[in-house]
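Following: one structure in structure tokens, then a few remarks.
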Amino acid sequence: MNHPEQMFNYHTWANQTILGRIKELPSAVLSQEVGSSFPSIAHALSHIYAVDKMWYLVLNGTGMPEALQATIPLNGTILTTVDEYAGIFAELTEQYREWFSRHTDLEQTIQLDNPYIGVRQTSLAEIILHLINHGTYHRGNITTMLRQLGHASTMTDLILYLYQEPVQAV
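No gaps in the numbering here: position 148 of the sequence shown is 437 in this note's numbering, and each next residue is one more.
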């Protein structure tokens with residue numbers, strides 16, 4: 290397994306871990322208003338999902354401006370249960386796993402027309418690593434939101450994930 294794919298597996302684990310923690314709490318926590326980066330935890334989860342989906346479209350050949358337009362509505366699609374979020378994340382994870390099975394050269398570059406910063410040759414690995422970094426950033430927002438709502442969060446650190454993974458024989 291290559292490094293970007295291992296990092297994607299971490300991203301998947303971290304999303305499942307934070308969703309598992311939220312599921313342990315009263316169901317109202319998901320949609321409770323909080324003064325933070327997002328109006329609610331549900332809004333933050335919808336944003337993570339929308340961006341993951343946008344990059345999936347880009348990795349499959351959709352131009353970034355078109356992928357952004359296609360996924361902007363997902364930011365506003367607020368689901369009502371943690372299980373619904375777990376379901377959409379699991380479905381998208383399977384789509385990514387299938388994509389990884391078809392793409393072994395992640396150093397391959399594409400011309401990315403990023404409306405925010407311009408046109409640049411970007412490797413597939415850079416896109417995957419950005420996607421993971423983005424998710425980590427917003428899971429941190431969710432941790433802050435949980436604390437503001439009076440609840441403890443859970444660890445989703447990379448090192449914890451690595452310690453839980455079986456050691457690879459060298």
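We put the beta carbon where it would ideally sit given N, CA and C, even for glycine.
Roughly how many angstroms separate the alpha carbons of residue i and residue j, rounded to a whole number?
i	j	result
L438	K342	28 angstroms
L451	M296	10 angstroms
Q400	E454	35 angstroms
Y338	I377	8 angstroms
T369	H423	23 angstroms
L395	I421	15 angstroms
Q358	L447	31 angstroms
Taking DSSP as the reference, what is the three-state secondary structure of residue i?
i	result
L401	strand
S335	helix
Q321	coil
E454	coil
T411	strand
F297	helix
Residues in its own chain within less than 6 angstroms of residue i by CB, not counting five upstream and five downstream?
i	result
V347	M353 and A356
Please list, in chain order, all residues of the same chain as residue i whose beta carbon is under 7 angstroms from its beta carbon, the five residues on each side excluded.
i	result
I416	W344, V347 and L348
Check the C-beta distance from residue i over to residue j and give it rounded, since I have them as a contact under 8 angstroms.
i	j	result
M434	A317	Not really, about 13 angstroms apart at Cβ, beyond 8 angstroms.
So does residue i have its beta carbon nearer than 8 angstroms to some heavy atom of the ligand ADP?
i	result
T433	Looking for the ligand ADP in the displayed structure turns up nothing, as the structure carries no ligands at all.
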